[in-house]
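Protein chains: 2
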Amino acid sequence: CFPLFSLQTDVRVFSLNCWGIRYLSKHCPQRYAMIGDLLSKEEHDIVLLQEVWSEKDFLNLKKKLACSHPHCHYFKSGVIGSGLAIFCKHRIHDTFLYRYSLNGYPYMAHHGDWFGGKAVGMAVIKIGSMTANVYVTHLHAEYCREKDSYLPHRVVQAWELQQFIRHTSAGADVVIVGGDLNMHPQDLGNRLLRAYTGLRDSYLETANFDGCEDGMTLIADNPFISKKELVPFEKGIRIDYILFKGSSKTDMHCDSMSTTKGSIPDHPFPYSDHEALTAELRMEPHTPTEPGHDKKSMDQDSGKVAELVDILTEARTEVKVGLHCAERMRYTATRTGIMGLALLFLELAIAAVPWLALGAEQPFPRTSFYLLAALCCAILLTTFLLYIFYTMELKSLQGAEDQMRLAVGSLQEKLRGFPLPQPYSTHRKPPEGQEPSAFDPEE
Amino acid sequence: CFPLFSLQTDVRVFSLNCWGIRYLSKHCPQRYAMIGDLLSKEEHDIVLLQEVWSEKDFLNLKKKLACSHPHCHYFKSGVIGSGLAIFCKHRIHDTFLYRYSLNGYPYMAHHGDWFGGKAVGMAVIKIGSMTANVYVTHLHAEYCREKDSYLPHRVVQAWELQQFIRHTSAGADVVIVGGDLNMHPQDLGNRLLRAYTGLRDSYLETANFDGCEDGMTLIADNPFISKKELVPFEKGIRIDYILFKGSSKTDMHCDSMSTTKGSIPDHPFPYSDHEALTAELRMEPHTPTEPGHDKKSMDQDSGKVAELVDILTEARTEVKVGLHCAERMRYTATRTGIMGLALLFLELAIAAVPWLALGAEQPFPRTSFYLLAALCCAILLTTFLLYIFYTMELKSLQGAEDQMRLAVGSLQEKLRGFPLPQPYSTHRKPPEGQEPSAFDPEE
Numbered sequence: 001c002f003p004l005f006s007l008q009t010d011v012r013v014f015s016l017n018c019w020g021i022r023y024l025s026k027h028c029p030q031r032y033a034m035i036g037d038l039l040s041k042e043e044h045d046i047v048l049l050q051e052v053w054s055e056k057d058f059l060n061l062k063k064k065l066a067c068s069h070p071h072c073h074y075f076k077s078g079v080i081g082s083g084l085a086i087f088c089k090h091r092i093h094d095t096f097l098y099r100y101s102l103n104g105y106p107y108m109a110h111h112g113d114w115f116g117g118k119a120v121g122m123a124v125i126k127i128g129s130m131t132a133n134v135y136v137t138h139l140h141a142e143y144c145r146e147k148d149s150y151l152p153h154r155v156v157q158a159w160e161l162q163q164f165i166r167h168t169s170a171g172a173d174v175v176i177v178g179g180d181l182n183m184h185p186q187d188l189g190n191r192l193l194r195a196y197t198g199l200r201d202s203y204l205e206t207a208n209f210d211g212c213e214d215g216m217t218l219i220a221d222n223p224f225i226s227k228k229e230l231v232p233f234e235k236g237i238r239i240d241y242i243l244f245k246g247s248s249k250t251d252m253h254c255d256s257m258s259t260t261k262g263s264i265p266d267h268p269f270p271y272s273d274h275e276a277l278t279a280e281l282r283m284e285p286h287t288p289t290e291p292g293h294d295k296k297s298m299d300q301d302s303g304k305v306a307e308l309v310d311i312l313t314e315a316r317t318e319v320k321v322g323l324h325c326a327e328r329m330r331y332t333a334t335r336t337g338i339m340g341l342a343l344l345f346l347e348l349a350i351a352a353v354p355w356l357a358l359g360a361e362q363p364f365p366r367t368s369f370y371l372l373a374a375l376c377c378a379i380l381l382t383t384f385l386l387y388i389f390y391t392m393e394l395k396s397l398q399g400a401e402d403q404m405r406l407a408v409g410s411l412q413e414k415l416r417g418f419p420l421p422q423p424y425s426t427h428r429k430p431p432e433g434q435e436p437s438a439f440d441p442e443e
Numbered sequence: 001c002f003p004l005f006s007l008q009t010d011v012r013v014f015s016l017n018c019w020g021i022r023y024l025s026k027h028c029p030q031r032y033a034m035i036g037d038l039l040s041k042e043e044h045d046i047v048l049l050q051e052v053w054s055e056k057d058f059l060n061l062k063k064k065l066a067c068s069h070p071h072c073h074y075f076k077s078g079v080i081g082s083g084l085a086i087f088c089k090h091r092i093h094d095t096f097l098y099r100y101s102l103n104g105y106p107y108m109a110h111h112g113d114w115f116g117g118k119a120v121g122m123a124v125i126k127i128g129s130m131t132a133n134v135y136v137t138h139l140h141a142e143y144c145r146e147k148d149s150y151l152p153h154r155v156v157q158a159w160e161l162q163q164f165i166r167h168t169s170a171g172a173d174v175v176i177v178g179g180d181l182n183m184h185p186q187d188l189g190n191r192l193l194r195a196y197t198g199l200r201d202s203y204l205e206t207a208n209f210d211g212c213e214d215g216m217t218l219i220a221d222n223p224f225i226s227k228k229e230l231v232p233f234e235k236g237i238r239i240d241y242i243l244f245k246g247s248s249k250t251d252m253h254c255d256s257m258s259t260t261k262g263s264i265p266d267h268p269f270p271y272s273d274h275e276a277l278t279a280e281l282r283m284e285p286h287t288p289t290e291p292g293h294d295k296k297s298m299d300q301d302s303g304k305v306a307e308l309v310d311i312l313t314e315a316r317t318e319v320k321v322g323l324h325c326a327e328r329m330r331y332t333a334t335r336t337g338i339m340g341l342a343l344l345f346l347e348l349a350i351a352a353v354p355w356l357a358l359g360a361e362q363p364f365p366r367t368s369f370y371l372l373a374a375l376c377c378a379i380l381l382t383t384f385l386l387y388i389f390y391t392m393e394l395k396s397l398q399g400a401e402d403q404m405r406l407a408v409g410s411l412q413e414k415l416r417g418f419p420l421p422q423p424y425s426t427h428r429k430p431p432e433g434q435e436p437s438a439f440d441p442e443e
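Those protein sequence lines, which keep their order, are chains A and B. Numbering follows the UniProt record's numbering, in which position 280 of the first sequence is assigned residue number 280; successive positions increment by one, without gaps. Numbering follows the UniProt record's numbering, in which position 372 of the second sequence is assigned residue number 372; successive positions increment by one, without gaps.
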């Protein structure tokens, strides 16, 4: 069927982190059944799911939603998968997956993020005559806000996410992004994403919101949430989002937005440990504003660019912290490896003395000898693998930092093109004894 | 300086695989000096280098080319790096790196591709008023054409390369791709890349070619090439390319193309084991052809789509071969791991018998006991790591296959929209007893 072109098109978008770890997540099969019932009843245009870790669960959902959502895609990546799935009423014409270059550490097996192969999945969908680029993603979790060792990884993921969206969406009429960003609204990565892409937050854009206080999506009232994990945010946090933007051809608005509120009427437990998001988006052909670049919009633009430069500088600092940390870890691995090697040589030397003294009795107890040798070999192998891993982490961090530096340079070039506005002078005089520019592209 | 807009803009593009493995590649420092001299003398607009494995060499080149090519970017990835570098006369506004999901095996250390973190790097450049998206890439090497175990990896790389170029270039006026594709002109991956993106091959597009016979870039006359590696292609092969395309706004043509021919006048050896490519590209504002979709262009379009479906089907077959292979390898790793575990239990059981018999003498010689235990543990660890690696390989191959299947479905949908042309019937009647469609999107 070919929908006739109308001036206005409505799209209902749903996003949920399903918490679908088979045998580990509580009531997993029952919750998937509930999610399937909800989706087939509600018939959203676009359904963006995260943490669908098992392909079997995806296939069950696919079977159940064959009528309501005939088109779907499951994004595969990493050891377990990316956990990302899209269900859609409209045909999916194309898909593309970008795997984040950094995603935690394989030896942090209890956190499990590394095995999940976190990524951003894209689907190109035609809604009527409009092309929508739909993105679903899930960023690295935050396990401890005070001492978040994964922050540089998450900032680089946010950086790569904005790059991916910005560079792949040039041909789209509208852009829709949904997922679990694992970032609070004002967190660095979130600001970076929104400022760079111009994406708007459904929760902030709608006058018609029905859901948890402050749009929270991980709430204390959810029975699957342990309250002490949320401290110091007693009521909950907002880390799941539906973002959107139009284009030069299409305007996009959020008419209403809702979230589930912990418990579900007539059900013993909620759909997941996260709350589900639903946004009603409206697309219209773009109505051009009055022509001519007036002074105000010019100032606003330069203000935005200057804000972006500030956010990027903050992000670079965070990435540099990650770089120092990775360098220290690699140094520790190298040193431990060298100590293991030295120990092995020492042991061999001690064992060799009586052997060189031709026939003198071996003073080294055999058991200790073999145990020590095995320990040395284990140390050598582990530190070698860690060395390789940290080198790759370093390369990714350096790569992101290089790209950010280049981006700052390009933005500053743009700022120089603007007439100097009041609040942001691009040629601030540096304090004496300081480098001329904090973001020198050749630094 | 802001170049004035003229109706025609010329761009000179250079591409070279530098073979820059420090201490291993022959005459590496001397060759880099030669390359630096050439580039600073020739002043190409865009220089795309591959196999610049050491960042130090990149930084030396950067210093040397500071006047001729003030803008540059080095793409970091993997353990050693991606080896990719761009030097440019025009400002680089933005960069983006896509790491291929498959790139050989870490245990094939003598081939080294896995450690290189093969990727495609993108740079957004403004040339006059035009936006050029420039890509540089290096695909997995082909070590044995008859029994090429890396073919599925290279096909998936070509698939991801075309996805990346297609999705990121929508906003560009022109697209320029250079690099070592490690594929012959008619190889599957090359056909996939060209057919899907519409990229044109400089060598085939120009009437004005000066270089090796058949545009070869790896030739027997190059003193760094061992002739037996090229068998059965005695004279050489063409695996390096400069590809380009315009857009709806800009036409692009290749005025001339040249390659080096093995030896360099006044120098004792060539720049690299690969030949260097130079293309002179010309950009003009697009001149629209007569309006109206005539029957012929419609037929051509449907012909192209049908050709793409055929190529995709071939690619899917190749990826499936890779899938079977990866599954077999993972099965072997699992079986070996289980055997290692069984051996360990057996050993412990034998050792436990006299211990249970309270004080009876240990019949197991200690040396053998510890050696065997160490062997079992080594087997277990290795097979565990291999299992994880093969699972990731499987996920990537399955992911690519899924995306290809979806793309075939979408293309067939498109074909159904065309009026039935003579050479390609979209509703071919299948032979009796055969499935209705070889590319059923729901298959």
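C-beta: ideal position from N, C-alpha, C; glycine also.
- Around the beta carbon of residue 349 of chain A, a 10 Å sphere encloses fewer than 16 other beta carbons of the protein chains shown; the residue is thus reported as exposed.
- Only residues of its own chain outside the window of five on either side were considered, and among them 122, 124, 168, 169, 172 and 175 have a CB closer than 7 angstroms to the CB of residue 133 of chain B, listed in chain order.
- Pairing residue 397 of chain A with residue 323 of chain A gives a Cβ-Cβ distance under 8 angstroms.
- Bounds of any alpha helix (DSSP H) do not take in residue 418 of chain A, whose DSSP letter is neither H nor E.
- Taken in chain order, the unbroken stretches of alpha helix (DSSP H) that lie wholly in the segment 127–180 of chain B and span 4 residues or more are 151–168.
- Taking the beta carbon of residue 97 of chain A as reference, the chain B residues within 7 angstroms of it are 399, listed in sequence order.
- Within the segment 292–360 of chain A, the complete alpha helix (DSSP H) segments at least 4 residues long are 295–356, listed from N- to C-terminus.
- Closest in alpha carbon position to residue 251 of chain A, among A:112, A:283 and A:144, is A:283.
- Closest option to residue 260 of chain A, judged by alpha-carbon separation, among A:249, A:416, A:248 and A:277: A:277.
- For residue 279 of chain A, the closest Cβ of chain B is not nearer than 8 angstroms.
- The beta carbon of residue 153 of chain B sits no closer than 8 angstroms to any beta carbon of chain A.
- Going by DSSP, residue 30 of chain B is part of the alpha helix (DSSP H) stretching over 28–42.
- At a cut-off of 8 angstroms, the C-beta of residue 305 of chain A has no neighbouring C-beta in chain B.
- Beta bridge pairing from DSSP links residue 285 of chain A with A:250.
- At a Cβ-Cβ threshold of 8 angstroms, residue 151 of chain B and residue 318 of chain B count as neighbours.
- In this chain, the alpha helix (DSSP H) harbouring residue 115 of chain A covers 113–116.
- A distance below 6 angstroms between beta-carbons, with the five flanking residues on each side excluded, links residue 75 of chain A to the following residues of its chain, in chain order: 82, 84, 97 and 121.
- A residue is called buried when at least 16 other Cβ atoms come within 10 angstroms of its Cβ; residue 338 of chain A does not meet this threshold and is exposed.
- Neighbours of residue 65 of chain B across chain A, judged by C-beta separation under 8 angstroms, do not exist; the nearest C-beta is about 13 angstroms away.
- Secondary structure within the segment 198–258 of chain A: the alpha helix (DSSP H) runs of 4 or more consecutive residues, fully enclosed, are 202–205 and 227–230 (chain order).
- Beta-bridge pairing by DSSP links residue 47 of chain A to A:14 and A:87.
- Within the segment 152–173 of chain A, 163, 167, 168, 170 and 171 place their CB atoms closer than 7 angstroms to a CB of chain B, listed in sequence order.
- Below 8 angstroms, too few C-beta pairs join the segment 266–275 of chain B and the segment 156–167 of chain B to call them touching: fewer than three.
- Cβ proximity to chain B below 8 angstroms picks out 73, 74, 75, 76, 77, 78, 79 and 81 from the segment 71–86 of chain A.
- Between residue 87 of chain B and residue 39 of chain B, the beta carbon gap of about 7 angstroms places them in contact (Cβ cut-off 8 angstroms).
- Comparing alpha carbon positions, the residue from B:34, B:112, B:10 and B:64 closest to residue 21 of chain B is B:112.
- Taking C-beta separations shorter than 7 angstroms and ignoring five residues to either side along the sequence, the partners of residue 239 of chain B in its chain run 180, 181, 182, 183, 184, 217 and 218, following chain order.
- Nearest CB-CB separation between residue 413 of chain B and chain A: below the 8 angstroms threshold.
- Against chain A, the CB of residue 102 of chain B has no partner CB under 8 angstroms away; the residue lies outside that interface.
- For chain A, the residues of the segment 364–376 of chain B that bring a beta carbon within less than 9 angstroms of one of its beta carbons are 366, 367, 369, 370, 371, 373 and 374, in chain order.
- For residue 9 of chain A against residue 127 of chain A, the beta-carbon gap comes to about 6 angstroms, under 8 angstroms, which counts as contact.
- Residue contact check for residue 111 of chain A against chain B: no CB pair falls below 8 angstroms.
- The alpha-carbon separation between residue 67 of chain A and residue 45 of chain A amounts to approximately 12 angstroms.
- One alpha carbon belongs to residue 413 of chain A, the other to residue 191 of chain A, and they sit about 22 angstroms apart.
- Within chain B, the residues placing a beta-carbon under 7 angstroms from that of residue 406 of chain A are 73, 92 and 95, ordered along the chain.
- Ranking B:391, B:406, B:411 and B:405 by CA distance to the CA of residue 80 of chain A puts B:391 first.
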